[in-house]
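A.B. asks: Chains as they are written, first to last, in the working numbering: chain A, 354 to 579; chain B, 27 to 533.
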Ligand SMILES: Nc1ncnc2c1ncn2[C@@H]1O[C@H](COP(=O)(O)OP(=O)(O)O)[C@@H](O)[C@H]1O
Ligand SMILES: [Mg+2]
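(1) Could you name each continuous beta strand (DSSP E) segment of 3 residues or more that falls completely within the stretch 137-176 of chain B, going from the start of the chain to the end?
(2) Taking residue 364/A as the reference, give the member of 412/A, 384/A, 422/A with the closest Cα.
(3) Can you name the residues of chain B whose CB is closer than 7 Å to the CB of residue 394/A?
(4) Can you give me the Cβ contacts of residue 567/A inside the same chain, cut-off strictly under 6 Å, excluding the 5 residues immediately before and after it?
(5) Does ligand 2 have a heavy atom nearer than 7 Å to the CB of residue 439/A?
(6) Just by C-beta distance, which residues in the stretch 177-190 of chain B are closer than 9 Å to chain A?
(7) How is residue 385/B classed by DSSP in three states: helix, strand or coil?
(8) Can you name the residues of chain A whose CB is closer than 7 Å to the CB of residue 6/B?
(9) I'd like to know whether the C-beta atoms of residue 50/B and residue 393/B end up nearer to each other than 8 Å.
(10) With 8 Å as the threshold, decide whether the Cβ of residue 346/A is near any Cβ in chain B.
(11) How big is the Cα-Cα spacing for residue 102/B and residue 111/B?
(12) Which residue from 525/A, 477/A, 520/A, 490/A puts its Cα closest to that of residue 503/A?
(13) For residue 126/B versus residue 212/B, is the C-beta spacing smaller than 8 Å?
(14) Output the residue ranges of the alpha helix (DSSP H) runs that lie fully inside the stretch 470-513 of chain B and measure 4 residues or longer, sorted by chain position.
(15) CB of residue 562/A to nearest heavy atom of ligand 2: below 7 Å?
(16) Which ranges would you report for the alpha helix (DSSP H) in the stretch 363-411 of chain B if only whole runs of at least 4 residues count?
(17) Just list the residues that DSSP pairs residue 400/A with in beta bridges.
(18) Flag this pair as yes or no: are the beta carbons of residue 524/A and residue 493/A separated by less than 8 Å?
(19) How many angstroms separate the CA atom of residue 189/B from the CA atom of residue 228/B?
(20) Buried or exposed for residue 454/B, going by 16 or more other Cβ atoms inside 10 Å?
(21) In three-state terms, what does DSSP make of residue 445/B?
(22) Tell me whether residue 132/B is buried or exposed, calling it buried when 16 or more other Cβ atoms sit within 10 Å of its Cβ.
(23) Hey, is residue 514/A close to ligand 2, as in C-beta under 7 Å from one of its heavy atoms?
(24) Decide if residue 522/A is buried, meaning its Cβ has at least 16 other Cβ atoms within 10 Å, or exposed.
(25) Is residue 455/A closer than 8 Å to residue 483/A when the C-beta atoms are compared?
(26) Going by the beta-carbon positions, is the gap between residue 216/B and residue 84/B smaller than 8 Å?
(27) Alpha helix (DSSP H) containing residue 63/B: first to last residue?
(28) Would residue 410/B pass as an interface residue toward chain A - the criterion being a Cβ-Cβ separation below 8 Å?
(29) In or out: residue 137/B buried (at least 16 other Cβ within 10 Å) or exposed?
(30) Under DSSP, the beta strand (DSSP E) around residue 262/B begins and ends at which residues?
(31) Answer with buried or exposed for residue 443/A, where buried requires no fewer than 16 other C-beta atoms within 10 angstroms of its C-beta.
(32) When we look at the beta-carbon of residue 63/B and count the other beta-carbons within 10 Å, is it buried (16 or more) or exposed?
(33) Using DSSP with H/G/I as helix, E/B as strand and the rest coil, what is residue 286/B?
(34) Under 8 Å between beta-carbons, which chain B residues line up against residue 437/A? List them in chain order, please.
(35) Mind listing which residues of the stretch 198-210 of chain B have their C-beta closer than 8 Å to chain A's C-betas, in chain order?
(36) Less than 8 Å between CB atoms is the rule here; does residue 196/B satisfy it with respect to chain A?
As structure tokens, then:
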């Protein structure tokens, strides 16, 4: 589904990623695990198409989408969505408008949009929240809105960048389970970033460790849990 | 000293310098007021016509500058357009100088009796001139806010749609309060501006009050005519309170921002387009005025006449700007940290003074200080500096406040936990972090006061005139070459230092 080939990236002469190769299969739940500053967000931003790789190639669905210094297919044509670490909910839009935005941009008629927004709010456990302001929600509720926004377009690939890191432990644990359940139900390909090993194990079907700009495949049971 | 006591002192000083003149003015307008006088005054055709003219002019100038200013702000702040700095520097020039200079330039080009003179003298020319004067305000305001839109908010939208749609549906709505603010600011500045209308013989409302005051010595009429301006100022203040003050979204600190790539052909097209625009609104009028200067000897003669007013200008602007910087910072601190219970009133009052047309403020200053005992204020430059501080305190305060609100509360709390009192926090935590902002506040205040002619014109004591006022007094009977040379001295003395200083600072 996603293929990274000899992918490198640097910020002003500082190497962040060093010729990484990675294959993500369709419908797979892959976790990128690594300490802070190891380059996890950078990998997601390259897959999303927010920036171009220094060298190497990215294929999504067997189609070349980025290569050396060029974004060939822009983010909105990649069938990829993302849950950001800081959520990036738009403060000037209501909950419903945030979720409906992608549908609107894809010219889905208003009636159908409303339907979809309603059913996805039910799916993430926030029925009837359409008209609330996103700034008035709790952290956990905002998280769910961000999830609904990422899922409503039925994307092939969903990228999640430490989506639960700002929540308390209990909520974090509950939402992990819900994310896995949602993925199993909807069947999208999930690339999930975290620095938490326990979280990684619970989410992942496969774990890849990011370290010093390189990646190492980890077998699930060699991870020691603290 | 207690924090509250100190803050109350600052507030009292503000009351004396800023609010008291207005209170005295309103008091005087209403004492011994008989409805008959009011009725005859407002039924005069010139009065109602000029009021309508002023509202129309302000609306048109505010709408057009905000629209084009936002477009240019996007171009300069959110794309990799290579000539951004160059065009921004040129477009900003009309805001740095007294606005009537641009009007004089156009008179020079069009002529008083040519076929198109009727286009220049009246609504069209006045609106066109004020458009070029106030365009930089929305440009700069939208740039400042655009640079603070968190890039993730745009990235999130770019997963669903193209760059232009992201701009339209996310970026611009996020800075909408800044655009409303630009509109209001330009509206009210245009409403209070009469020097351009005066030169281009367009009847605007502040001019009515001004003329009754300075030409007919009809003080009562001038006072009564100030009242509608007070109402307009209050209306603008209300809109500001409802739509801007509360709606500002929390944006991030300036840092990484998303920048759109422009293709080569678009770059070239935009350079040509902006070249034409700057030619039409900045270069042509100034160039034409300067070409009027026959030789260096005339320029030298103008300088020898102008150097005392110029010195005054520098002195008053310097003192005014210094006072504004200190006062603005303290006010910002009091409002941002809600030090006094009536901080909201304080905040609204300083904005109100900015929205008040200069003629109204000037009349108030005269009424308050023109008394035998208070001569040391009224018969000196102090009255001018008070006027500047009252008028522009809002600008200084809002700039500092914007910065103070970005300092995380944890920083000041940490200082308090290590034993710092409120003044130590101000002195060692907040002040150092606002240093860059305060330099900008000083520069902006200096420019605003240096170009000021409307308050100065009404209140300057004999022998204390500034250069912008001196030029106006010479306009009645001076030779065109001399006026042009004086304007050149004015333009050079502010534009040259501005560019030298701004080259060293990245905006
Ligand atoms: N805009 C940027 N400019 C320069 N360096 C950056 C920028 N963004 C991230 N980096 C650097 O790239 C490295 C990897 O960042 P990131 O991918 O965000 O790591 P992670 O998400 O794993 O914490 C870090 O060392 C970070 O300092
Ligand atoms: Mg990260």
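Don't be surprised by glycine CBs; every beta carbon is placed ideally from N, CA and C.
C.D. replies: Concretely, from the data shown:
(1) Within the stretch 137-176 of chain B, no complete beta strand (DSSP E) run reaches 3 residues.
(2) When C-alpha distances from residue 364/A are compared across 412/A, 384/A, 422/A, the shortest belongs to 422/A.
(3) When 7 Å is used as the limit between beta carbons, residue 394/A is near no residue of chain B, the shortest such separation being about 10 Å.
(4) Here the set comprises 371.
(5) Incorrect: residue 439/A has no Cβ contact closer than 7 Å to ligand 2.
(6) Residues of the stretch 177-190 of chain B that bring their beta carbon within less than 9 Å of a beta carbon in chain A comprise 177, 178, 179, 180, 181, 182, 183, 184, 185, 186, 187, 188, 189, in sequence order.
(7) Residue 385/B: helix per DSSP, three-state reduction.
(8) Lying outside 27 to 533, the shown extent of chain B, residue 6/B is not represented and no answer is given.
(9) Going by C-beta atoms, residue 50/B is nearer than 8 Å to residue 393/B.
(10) Absent from the model: residue 346/A. The displayed extent of chain A is 354 to 579, so no value can be given.
(11) Pairing residue 102/B with residue 111/B, the inter-Cα distance amounts to about 8 Å.
(12) Checked all of 525/A, 477/A, 520/A, 490/A; the closest Cα to residue 503/A is 477/A.
(13) At a Cβ-Cβ threshold of 8 Å, residue 126/B and residue 212/B do not count as neighbours.
(14) Counting only unbroken stretches of 4 or more residues, the alpha helix (DSSP H) elements lying wholly within the stretch 470-513 of chain B are 480-485, 493-501, in sequence order.
(15) No, the Cβ of residue 562/A stays beyond 7 Å of every heavy atom of ligand 2.
(16) With a minimum length of 4 residues, the continuous alpha helix (DSSP H) runs that stay inside the stretch 363-411 of chain B are 369-381, 384-395, 401-404.
(17) Paired residues: none, contrary to the question.
(18) Contact: yes.
(19) Our two residues, residue 189/B and residue 228/B, have alpha carbons roughly 44 Å apart in a direct line.
(20) Answer is exposed; the Cβ neighbour count stays below 16.
(21) In the three-state reduction of the DSSP assignment, residue 445/B falls in the coil class.
(22) Counting the other Cβ atoms within 10 Å of the Cβ of residue 132/B gives 16 or more, which makes it buried.
(23) For ligand 2, at least one heavy atom lies less than 7 Å from the Cβ of residue 514/A.
(24) Flag for residue 522/A reads exposed.
(25) The answer is no: Cβ separation not under 8 Å.
(26) The answer is yes: Cβ separation under 8 Å.
(27) Residue 63/B -> alpha helix (DSSP H) spans 61-69.
(28) Judged by the 8 Å Cβ criterion, residue 410/B is not in contact with chain A.
(29) A residue is called buried when at least 16 other Cβ atoms come within 10 angstroms of its Cβ; residue 137/B does not meet this threshold and is exposed.
(30) No beta strand (DSSP E) contains residue 262/B, which is instead part of the alpha helix (DSSP H) from 245-265.
(31) When all chains shown are included, residue 443/A counts as buried.
(32) So residue 63/B counts as exposed.
(33) If DSSP states are grouped into helix, strand and coil, residue 286/B belongs with the strands.
(34) Going along chain B in sequence order, the residues near residue 437/A (Cβ under 8 Å) are 178, 181, 182.
(35) So the list reads 199, 200, 202, given in the order they occur along the chain.
(36) Taking 8 Å as the threshold, the shortest C-beta distance from residue 196/B to chain A falls below it.
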